[in-house]
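Report on the following structure.
What follows is the structure, given as structure tokens:
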């Protein structure tokens, strides 16, 4: 039976005998994504209802609802069964349980990135404007639309926030790639963590407390050179000052004298290993410095892979565009820009023609009178990354016929 990874689209075949009527969960060998393979007709009604947040129109779908079993990834081969012989055809049909359906997944992916983009634009406001409106906690979406002034660095600021937020959420569009880079090039294993340093050093928002929570006295910053790595917690405050006051740069050890230019610190709180990371919207702007280890940018050619640039002494990590993180980021950035340009109301169709984009914008319009920080928090459940987890709608015997509820697409 043939199936594909929903994350990296790697193709696999599995012996029908390994699946059975209960379905299986398989870990992709290429990207580590958990694939749930189930019989045709499986639908999680509770998942669909929780995503839309509204009562859906029911349509009858006959199916068998049973608990899936877990198999070892070694039992899956590309075109071979577990014994190494070619797989035989079978009349038993299988389907991959993708996240939640194509349209809904696109909507949730946009909302997931709209949240940090709004947060970035909010905290980029001038301090006196914030104070005039009663402080950052009281600024509404309508206020932001009136106060927002376009700047040349807006996209870069939002890019920093979006990448940081996606790594923290374990977003499937970026987390597997970052984990791969950290493990293959830096020897840092496990789920990556991120400390947003770029916004803090520019004085837009204080992020000392999150950094303090992740860093210990033994947290080290790895630079790829010989010798004992420097302790990050000891020097992170100096690096923050060095951004504004060049005389503080000489107070940093020679091996990490350039970390004041970092935008993120990526690593593992468990291993106490961190690497300074720089992010640029344009790959030509990437440059190395003492202590900088990873450079992240949107890929310029389809299929680019991470590599070590010895001339810059940087591990170059291009983020995928087509159907990947950067495409969703730019679409989400456009939604927010058009929403603010329309005075926090629904933009004209010519400005935002895509139906999914207009739906996301309409969700913001409905909340234009609410404080932005409250809106960001309220949208969090809709943007949860755990889209592959199935929710049982009941316990049935094998081959039991039941009904599932399917949503009708909303027209905006």
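Numbering (the working numbering), first residue to last: 33 to 444.
Note that CB positions come from ideal geometry on N, CA and C, so glycine has one too.
Please read all numbers here as calculations on a predicted model, not as lab measurements.
Pairwise C-alpha distance: residue j and residue i
i	j	result
residue 50	residue 362	41 angstroms
residue 186	residue 46	47 angstroms
residue 159	residue 153	13 angstroms
residue 243	residue 227	6 angstroms
residue 391	residue 353	22 angstroms
residue 367	residue 181	16 angstroms
residue 321	residue 294	10 angstroms
residue 208	residue 343	26 angstroms
residue 147	residue 412	8 angstroms
residue 60	residue 274	43 angstroms
residue 203	residue 163	34 angstroms
residue 35	residue 67	9 angstroms
residue 281	residue 383	46 angstroms
residue 144	residue 188	18 angstroms
residue 370	residue 318	29 angstroms
residue 258	residue 252	13 angstroms
residue 247	residue 261	15 angstroms
residue 309	residue 291	8 angstroms
residue 332	residue 351	9 angstroms
residue 365	residue 328	18 angstroms
residue 302	residue 229	20 angstroms
residue 223	residue 155	28 angstroms
residue 178	residue 396	15 angstroms
residue 386	residue 263	48 angstroms
residue 194	residue 149	6 angstroms
Beta-ladder partner(s) of residue i, from DSSP
i	result
residue 300	305
residue 44	35
residue 252	263, 305
residue 58	67
residue 403	172
Residue environment, residue i, which counts as buried when at least 16 other CB atoms sit within 10 Å
i	result
residue 272	buried
residue 300	buried
residue 167	exposed
residue 95	In this predicted model, residue 95 has a pLDDT of only 34, less than 50, meaning its place in the structure is not dependable; the value taken from the coordinates is given anyway. Buried, because 16 or more other Cβ atoms sit within 10 Å of the Cβ of residue 95.
residue 278	exposed
residue 409	exposed
residue 325	buried
residue 447	Because the chain here runs from 33 to 444, residue 447 falls outside it and cannot be looked at.
residue 305	buried
residue 249	exposed
residue 323	buried
residue 334	exposed
residue 330	buried
residue 314	exposed
residue 142	buried
residue 44	buried
residue 316	exposed
residue 55	buried
Cβ-heavy atom distance, residue i to the ligand ZN, below 8 angstroms
i	result
residue 221	What this structure holds is no ligand at all, so the ligand ZN is not there to describe.
Review point. Between the segment 337–348 and the segment 271–287, do three or more beta carbon pairs fall short of 8 angstroms?
Key: no
Point to revise | Cβ pair count under 8 angstroms reaching 3, the segment 344–353 against the segment 211–226 | key: A contact between stretches requires three or more CB pairs, one per stretch, nearer than 8 angstroms, and the segment 344–353 meets this requirement with the segment 211–226.
Practice item. Would you be able to state if there are at least three C-beta pairs under 8 angstroms between the segment 167–181 and the segment 396–405? Key: yes
Practice item. Starting from the N-terminal side, write out each stretch of the alpha helix (DSSP H) that is 4 residues or longer and does not extend beyond the segment 192–232. Key: 207–218
Practice item. Decide if the segment 373–380 is in contact with the segment 189–208; the criterion is three or more beta carbon pairs, one per stretch, under 8 angstroms apart. Key: no
Review point. What runs of the beta strand (DSSP E), each 3 residues or longer, lie entirely inside the segment 280–368?
Key: 296–300, 305–311, 324–330, 339–341, 346–351
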